Amino acid sequence: MKENLILPNYEHCILNTITSILKYYKVNTNHKTLPTLDPKLEQKYDNIVFIIFDGEGKKAKKSTHCGLTKEEMEVPLIVID
6 MKENLILPNY
16 EHCILNTITS
26 ILKYYKVNTN
36 HKTLPTLDPK
46 LEQKYDNIVF
56 IIFDGEGKKA
66 KKSTHCGLTK
76 EEMEVPLIVI
86 D
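Here the sequence shown stands for residues 6 to 86, numbered as in the numbering used here.
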């Protein structure tokens, strides 16, 4: 049963995304930021909108990142002027 257990990746998760946004607004946290998002936030924005689409559910695939490729794990950043 344990071999089917999929452990969370705490180096690349929603908490890291939120921590990067908090860092952008100069809020101190005790968590690591998301390294792929931090450089994108170096440009100054007036507003940041964070939308979560979580579709993996109970059928998550076995792999380091719940079956997603590196490109799929990339954080999309949409700039609206």
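Note that beta-carbon positions come from the ideal geometry of N, C-alpha and C, so glycine has one too. Model, not experiment: these values are computed from the prediction.
Given this structure, state the Cα-to-Cα distance separating residue i from residue j, to the nearest angstrom.
{"i": "T22", "j": "L39", "result": "5 angstroms"}
{"i": "H17", "j": "D51", "result": "25 angstroms"}
{"i": "K37", "j": "I56", "result": "20 angstroms"}
{"i": "T41", "j": "K31", "result": "18 angstroms"}
{"i": "D43", "j": "L20", "result": "13 angstroms"}
{"i": "Y29", "j": "L46", "result": "7 angstroms"}
{"i": "L12", "j": "F58", "result": "20 angstroms"}
Return the chain-ordered list of same chain residues with a C-beta closer than 6 angstroms to the C-beta of residue i, the five sequence neighbours on each side being excluded.
{"i": "T24", "result": "T34, H36 and T38"}
Tell me which same chain residues have a C-beta within less than 7 angstroms of the C-beta of residue i, skipping the five on either side of it?
{"i": "I26", "result": "I53 and F55"}
Does DSSP put residue i in a helix, a strand or coil?
{"i": "T95", "result": "Residue 95 is absent from the model: the chain starts at 6 and stops at 86."}
{"i": "K45", "result": "helix"}
{"i": "I19", "result": "helix"}
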